[in-house]
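Read the structure below first, then the notes.
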Amino acid sequence: MIEILLANPLLLLFLVGAIGYPLGSIKIGGSSLGVAAVLFVGLAFGALHPDMKLPELVYQLGLVVFVYTVGLSSGRQFFASFRRRGLRDNLFILVMLIFATVLVGAVGTALRLSPGVTTGMFTGSFTNTAALAAALEYIKSAAPPQLVQQMLAEPVIGFSLTYPMGVIGMILVITVLQRVWKIDYAAEASRVHDVAASSRRLVNRTIQVTEPAAIGVTIAELLQRQHWDVVFGRLQREEKLTIAAADTQLHLGDLVSVVGTAEELDKVAASLGLVSEEHLELDRGEYDFRRVFVSRPHVAGQRLRDLNLPQQFGAVVTRVRRGDIELLAQDDLILELGDRVRVVVRRENMDAITKFFGDSYKALSEIDILPFNLGLALGILLGMLPIPLPGGVTLKLGIAGGPLIAALILGAIDHTGPLVWNLSYNTNLTLRQIGLVLFLAGVGTRSGYAFVSTLQQGGGVTIFIAGALLTMLIAFLTLWIGRRVFKIPMGLLLGMTAGLQTQPAVLGYALQQTGDELPNIGYAAVYPIALISKILLAQILLAVLLRL
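If you count the sequence shown from 1, position 12 lands on 11 in numbering that gives the first Met the number 0, and the numbers rise without skipping.
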């Protein structure tokens, strides 16, 4: 069997993925390794023979695809996160990562670990495969040629020994602190409902206008004055049904359908009148509704208000479903490829507006090869640029950092003329998973033999324990400072901590604990800066240790 795998690297690749991916879904104590299990299966196969390894191009291709798709999906939210408290939160995470880097360097020096193993311990304790890849790329450019192959295995060894507790240790700290602090996640979420409203469950109510203060006032004026986070859909006046536009003035006895969270709709009903037993949203006589895919590139990247749907089609969008999350169709919401918009329009205009959005699942499943490849090429070129630092040290973003930064910028830009940089939601997730599997399988098989040799020679247990303590210390400090000093709600803080760790498994555990979407918001706000920082810090740590 070994001879067959040595002669067929493609068979080895698919076998590692086929075993590792389902293995990662097995939960132990409520958590699982996820796709990272592919790495450990790769290590197991690589340990069978010194030459049992996938070509270098496999993990390089997987890495650039993975970080590029992550950047595209995070670009707009990354730059938007610097509004309000985003700058503070990102600086907080950055300072914690710098402190963690210094601490790992000190521990590695005290334990007399090699620079490569110490750097691998940093990337494993904070579960970041992109930072591991950056360290490997730095070794290729900085290490003596005769030592390159030996040194390339060292970071992977440190990573592999510390990665499991990088996930489990973080979850343990969260579990203990939320019990000690007696966290009421529902109460905290209610105090920050303005932040999480877009990810809460949306409902529809029909409200009858009876309050004198609302009569003669336009819907736009009411929204501005009352700061309601809702969308108006239909309006019925004296048996005549129309669309509730921004310039529509409300009259006594009007029935209006309103979409929003239950809490917001209670406020609207109290100001306008009372909740009616009628359901205008279910009337499909003159006006109909339909969920339509956004598949036309010229629509993606535009704000809803800029589409002029009421003027063009006499239509209104009330909700937008993106992935598994339903968003309120506010005027400033930017549409993305793959969104499903719920439109309300006259029956005779339904075909026209469906054509306007595209509604083609086939188009969403196809990749526009030109912008995808051009964006990756720009990212790889960016990663090749040298970054001089004091002391004569020169770093590069490499194939991990370059494509990530390029993707963040292009994802925020969305399109340049006819070129649409972003991918549809489903396509992005699929490519991201494939890229990560390729990277983990490639790195695992290429380091498996050296990994087992290190364990046999001793020292592995010490590295494992040191990595676990480092993970739990940084997790505790992040949660304690964030809650006690910055007064960040625990739900958001858990997401930020998962973002610092760049670990989806920790995010999944946080979501289970809170029962709301606040961790997702905190995760998305700091994930890009944490990922970029760890890519650079891993190289800086390695460069400094090599000079000592």
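For glycine and all other residues, C-beta sits at the position ideal for the given N, C-alpha and C.
With residue i and residue j assumed to form a contact (beta carbons below 8 Å), what rounded beta-carbon distance in angstroms separates them?
i      : j      : result
Ile206 : Gly252 : That belief does not hold up - the Cβ atoms of Ile206 and Gly252 are roughly 12 Å apart, past 8 Å.
Thr551 : Gly466 : With the chain represented from 0 up to 547, any question about residue 551 goes unanswered, as that position is not in the structure.
Gly382 : Lys361 : With 8 Å as the limit, Gly382 and Lys361 do not qualify as a contact, their Cβ atoms being about 34 Å apart.
Thr317 : Arg339 : Not really, about 12 Å apart at Cβ, beyond 8 Å.
Asp635 : Gly259 : Outside the displayed span of the chain (0 to 547) sits residue 635, for which this structure offers no information.
Leu62  : Ala440 : The pair is not a contact, with the Cβ atoms about 12 Å apart (cut-off 8 Å).
Leu478 : Leu492 : 6 Å
Arg431 : Val69  : 6 Å
Ser270 : Gln225 : 6 Å
Val343 : Phe288 : 5 Å
Leu476 : Met95  : 7 Å
Leu126 : Gln502 : According to the sequence as given, residue 126 is Thr; it is not Leu. Rounded, the Cβ-Cβ distance is 5 Å, consistent with contact.
Could you check the C-alpha separation between residue i and residue j for me, to the nearest Å?
i      : j      : result
Ala196 : Tyr286 : Low confidence applies here, because Ala196 scores a pLDDT of 41, under 50, leaving its location unreliable; read the following figure in that light. Distance between the alpha carbons of Ala196 and Tyr286: 28 Å.
Thr593 : Leu334 : Residue numbering for the chain in the displayed model covers 0 to 547; residue 593 lies beyond these limits and cannot be assessed.
Val15  : Val37  : 6 Å
Leu336 : Ala245 : 26 Å
Ala132 : Thr217 : 57 Å
Ala6   : Phe292 : 46 Å
Thr429 : Gly215 : 51 Å
Pro402 : Arg302 : 27 Å
Ala376 : Val255 : 51 Å
Ile170 : Thr470 : 10 Å
Ala509 : Asp183 : 13 Å
Leu517 : Gly410 : 23 Å
Val166 : Glu210 : 55 Å
Ser198 : Gly490 : Any answer about Ser198 is weak, because its pLDDT of 49 lies below 50 and its placement is not dependable; what the coordinates show is given next. So the two alpha carbons sit approximately 13 Å from each other.
His192 : Gly434 : With a pLDDT of 48 at His192, under the threshold of 50, the predicted position of this residue should be treated as unreliable, and no value is reported.
Asn307 : Ala351 : 14 Å
Ala178 : Val34  : This sequence places Arg at residue 178; Ala is not what is there. Answer to the nearest angstrom: the Cα atoms are 29 Å apart.
Gly374 : Leu12  : 26 Å
Ile528 : Asn89  : 7 Å
Ile173 : Thr247 : 50 Å
Val460 : Leu112 : 13 Å
Leu472 : Val274 : 52 Å
Phe77  : Ala523 : 7 Å
Thr393 : Phe356 : 48 Å
Val116 : Ala134 : 11 Å
Ser159 : Ala261 : 47 Å
Ile97  : Gly23  : 30 Å
Asp331 : Glu220 : 16 Å
Gly313 : Ala474 : 52 Å
Gln562 : Lys181 : Residue 562 cannot be examined here, being either before or after the span of the chain that is shown, 0 to 547.
Pro370 : Trp420 : 6 Å
Pro142 : Glu153 : For clarity, residue 142 is Ala in the given sequence; the question names Pro instead. Distance between the alpha carbons of Ala142 and Glu153 is about 12 Å.
Any idea which residues DSSP pairs residue i with across the strands?
i      : result
Gln248 : Thr217
Thr415 : Leu418
Ser256 : Thr205
Pro385 : Lys395
Leu327 : Arg318
Gln149 : Its beta-bridge partners do not exist; DSSP assigns none.
Leu333 : It should be pointed out that residue 333 corresponds to Ile in this sequence rather than to Leu. The partner list for Ile333 (beta bridge, DSSP) reads Arg302.
Assuming contact is defined by CB atoms lying nearer than 7 Å, are residue i and residue j in contact in what I supplied?
i      : j      : result
Gly74  : Met120 : no
Ser359 : Ser294 : yes
Ala130 : Lys486 : no
Phe406 : Leu60  : The sequence as given places Ala at residue 406; Phe does not occur at that position. No, the Cβ-Cβ distance between Ala406 and Leu60 is not below 7 Å.
Ile1   : Leu47  : yes
Ser446 : Val155 : yes
Thr444 : Gly41  : yes
Leu384 : Ile92  : no
Met495 : Gly521 : yes
Leu418 : Pro114 : no
Leu264 : Arg204 : yes
Gly249 : Ala213 : Checking the sequence, you will find Leu at residue 249 rather than Gly. Contact flag set, yes.
Ala399 : Val66  : yes
Ile242 : Val319 : no
Val257 : Phe231 : yes
Any Cβ of chain C within less than 7 Å of the Cβ of residue i?
i      : result
Gly443 : No chain C appears in this structure, which consists of one protein chain only.
Between which two residues does the alpha helix (DSSP H) containing residue i stretch?
i      : result
Asp350 : Met349 to Phe356
Lys239 : Not the alpha helix (DSSP H): Lys239 falls in the beta strand (DSSP E), residues Lys239 to Ile242.
Phe91  : Gly85 to Ala109
Ser124 : Pro114 to Ser124
Ala46  : It is not in any alpha helix (DSSP H) - Ala46 carries neither H nor E in the DSSP assignment.
Gly521 : Leu517 to Arg546
Arg75  : Glu55 to Ala79
Kindly indicate the opening and closing residues of the beta strand (DSSP E) around residue i.
i      : result
Phe288 : Tyr286 to Phe292
Val343 : Arg339 to Arg345
Arg233 : Val230 to Arg236
Gly272 : Gly272 to Val274
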